[in-house]
Amino acid sequence: GRAAPLRVLAAIESATALLSLAHICSHPNVDALIFASEDYCADVGITRTRSTLELLYARSKIVTYASAHQLDAIDMVCIDFKDQDRLMEEAQNGAGMGFTGKQAIHPAQVEPIIEAFCPSEETVEFAREIVAGFEQHCELGKGAFEVRGKMIDLPMYKWAKRILVRAAPAS
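Under the numbering used here, the letters of the sequence shown match residues 141 to 311, in that order.
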């Protein structure tokens with residue numbers, strides 16, 4: 141028998157790669173997009189700053205294409221590998237942007253990255269309330285409703301379901 145197909149983690153490390161995301165994502169063996177930020181900065185001529193705002197377009201585009209093609213999106217490495225505060229800041233920012241993981245270049249980075257990408261218990265509980273309420277309202281044939289002062293409809297339900305999927309491995 142034939143071996144299982146090779147799974148590919150595609151490194152997006154240049155302007156050309158960023159502009160080729162549709163083609164890259166359409167390959168059936170691609171499982172994830174990895175943002176190779178340092179290579180990308182060198183290619184484009186970007187100077188990195190602590191805020192990472194200069195990388196917002198590239199990071200957003202990678203997350204969007206990965207999501208549209210049901211792929212994982214792995215965020216850039218934190219090159220200040222001894223600065224745990226900066227690592228946590230970057231990891232939380234990446235998780236908030238929709239990345240599903242982050243590269244680590246030092247063993248000390250692994251646990252903070254896991255922590256940043258796991259939703260808080262408060263967020264998980266909020267997501268559970270949304271899912272339960274949405275499903276209950278659907279059974280009753282009702283539309284939007286309120287949870288904790290927020291209007292809940294289908295997009296919020298989808299967000300909550302994604303949060304619960306992300307939280308599942310942690311529980």
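In this text, a Cβ means the ideal position worked out from N, Cα and C, and glycines have one as well.
Every value quoted in this text rests on a predicted model; they were computed, and no experiment measured them.
Out of Tyr197, His246 and Met228, state which residue places its alpha-carbon closest to the alpha-carbon of Phe221.
-> His246
Just how far apart, CA to CA, sit Ile253 and Leu280?
-> Taking C-alpha positions only, Ile253 is separated from Leu280 by approximately 41 Å.
Rounded to whole angstroms, how far is the Cβ of Met216 from the Cβ of Gln243, which I believe are closer than 8 Å?
-> 7 Å
Of the listed residues Glu261, Glu251, Leu304 and Cys258, nearest to Ala272 (C-alpha basis) | Leu304
Looking at the structure shown, is Phe95 part of a helix, part of a strand, or coil, going by DSSP?
-> What is shown of the chain runs 141 to 311, which leaves residue 95 out entirely.
When DSSP labels each residue in this structure, what does Leu146 get in the three-state scheme?
-> coil
Per DSSP, Glu286 forms a beta bridge with which residues?
-> Met291
If you run the structure through DSSP and keep just helix, strand and coil, what is Leu173?
-> Of the three classes helix, strand and coil, the one that applies to Leu173 here is strand, per DSSP.
Ile214 - containing beta strand (DSSP E), residue span | Asp212 to Asp215
Any idea what DSSP makes of Ala151, helix, strand or coil?
-> strand
Any 3 or more C-beta pairs closer than 8 Å across the stretch 221-237 and the stretch 180-189 | no
May I ask which residues mark the beginning and end of the alpha helix (DSSP H) holding Ile254?
-> Val250 to Phe257
Reference Glu261, options Lys201, Thr204 and Ala300, closest by Cα = Among Lys201, Thr204 and Ala300, the Cα nearest to that of Glu261 is on Ala300.
Out of Leu227, Ile214 and Gln210, which has the shortest C-alpha to C-alpha gap to Ser191?
-> Leu227
Cβ-based neighbour list, Ser154, same chain, cut-off 6 Å, excluding 5 preceding and 5 following = Asp183
Would you report the Cα separation of Cys278 and Tyr297, rounded to the nearest angstrom?
-> 11 Å
Just reading off the alpha helix (DSSP H) that Ile369 is part of, what are its end residues?
-> This structure does not reach residue 369, given that the chain is present from 141 up to 311, and the question cannot be answered.
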